[in-house]
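Chemist:
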Amino acid sequence: GGTKEERMELRIAQRHAVECRRDCEVLKKLAERKRKSLKEPKTLRFTFGLNIQNRKCFGMFVYNCSRLIKMYERVGPQLEGGSSGVGVIGVVNVPYLVLEPTHNKQDFADAKEYRHLLRALGEHLHHYWQICGVVDPRTGSGVRNFWAEFGYFTNKWTEEPSQEPKYVKKTTHEN
Numbered sequence: 080g081g082t083k084e085e086r087m088e089l090r091i092a093q094r095h096a097v098e099c100r101r102d103c104e105v106l107k108k109l110a111e112r113k114r115k116s117l118k119e120p121k122t123l124r125f126t127f128g129l130n131i132q133n134r135k136c137f138g139m140f141v142y143n144c145s146r147l148i149k150m151y152e153r154v155g156p157q158l159e160g161g162s163s164g165v166g167v168i169g170v171v172n173v174p175y176l177v178l179e180p181t182h183n184k185q186d187f188a189d190a191k192e193y194r195h196l197l198r199a200l201g202e203h204l205h206h207y208w209q210i211c212g213v214v215d216p217r218t219g220s221g222v223r224n225f226w227a228e229f230g231y232f233t234n235k236w237t238e239e240p241s242q243e244p245k246y247v248k249k250t251t252h253e254n
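Residue 80 is where the sequence shown starts when you use my numbering, and the numbers rise one by one after that.
1. Considering Cα atoms alone, identify which of L176, F225 and A92 is closest to L117.
2. DSSP beta-bridge partners for R146?
3. I91 by DSSP, collapsed to three states: which one?
4. Quick one: Cα of P174 to Cα of G161, how far?
5. Could you have a look at E152 and say whether DSSP puts it in helix, strand or coil?
6. In three-state terms, what does DSSP make of G201?
7. Pull up the DSSP beta-bridge partners for L129, would you.
8. Taking contact to mean at least 3 C-beta pairs separated by less than 8 Å, is the region 88 to 105 in contact with the region 207 to 221?
9. Could you give the first and the last residue of the continuous alpha helix (DSSP H) run that contains R124?
10. Mind checking P120: buried by the 16 CB within 10 Å criterion, or exposed?
11. Measure the alpha-carbon distance for Q132 versus K107 and round it to whole angstroms.
12. Quick check: the region 141 to 161 against the region 240 to 253, are at least 3 beta-carbon pairs closer than 8 Å?
Structure, rendered in structure tokens:
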């Protein structure tokens with residue numbers, strides 16, 4: 080037995096338990112699907128270029144689903160303090176599945192994965208620096224000569240380019 084009210088309460092509790100089990104199964108399947116997709120390797124596209132208009136502004140722009148999270152993040156050779164990588168801007172758009180931003184969208188929740196991303200960016204930046212034509216691959220020099228073409232005559236990276244008309248034309252791509 081039991082009273083009629085007790086039996087009714089029991090049936091309601093049993094129905095509720097069945098619904099909770101169904102919800103739990105759905106959530107379990109979703110979690111398993113997400114876990115599997117996280118294990119699959121993701122391809123990220125890194126885009127690099129030289130900021131000839133203002134070489135003191137350099138570093139990586141890291142986006143998460145097209146939302147800027149970090150800007151001018153220095154990586155690889157840019158952290159070493161020399162001339163390597165100076166003036167290079169990089170852009171990467173990281174999908175939500177790879178890295179989730181923090182609640183205030185100003186950093187990434189998984190610091191370890193973010194450091195892996197920065198290390199990969201640094202390695203690709205190093206490769207870009209070798210092939211972009213700033214450095215002579217035979218001698219390892221030529222950085223100063225490259226920047227002199229655009230009106231930068233010193234090794235002080237914070238200095239503005241020369242305002243002579245021929246250099247202004249070069250840095251703004253006017254011909």
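Every residue, glycine too, gets a C-beta built ideally from N, C-alpha and C.
Modeler: The relevant details are as follows:
1. Mapped onto the sequence shown, residue 117 falls at position 38. The residue with the shortest Cα to Cα distance from L117 is L176.
2. Your numbering for residue 146 matches position 67 in the sequence shown. Per DSSP, N143.
3. The residue given as residue 91 occupies position 12 in the sequence shown. Note: I91 maps to helix in three-state DSSP.
4. On the sequence shown, position 95 is the one that residue 174 refers to. On the sequence shown, position 82 is the one that residue 161 refers to. Straight-line Cα distance between these residues: approximately 32 Å.
5. Stepping through the sequence shown from its first residue, residue 152 is reached at position 73. Strand.
6. If you number the sequence shown from 1, residue 201 lands on position 122. DSSP places G201 in helix when its eight states are reduced to three.
7. By 1-based counting over the sequence shown, the position of residue 129 is 50. Here L129 is bridged, per DSSP, to V167.
8. They do not touch, by the three-pair rule.
9. Along the sequence shown, read from residue 1 onward, the residue named residue 124 stands at position 45. Looking at the DSSP string, R124 is not in any alpha helix (DSSP H), and its letter there is neither H nor E.
10. As a first step, residue 120 is located in the sequence shown; it is residue number 41 there, counting from the start. The residue in question, P120, is exposed, as its Cβ has fewer than 16 Cβ neighbours within 10 Å.
11. In the sequence shown, the residue the question calls residue 132 occupies position 53. In the sequence shown, the residue the question calls residue 107 occupies position 28. If you draw a straight line from the Cα of Q132 to the Cα of K107, it is about 53 Å long.
12. Cβ pair count under 8 Å is below three, so no.
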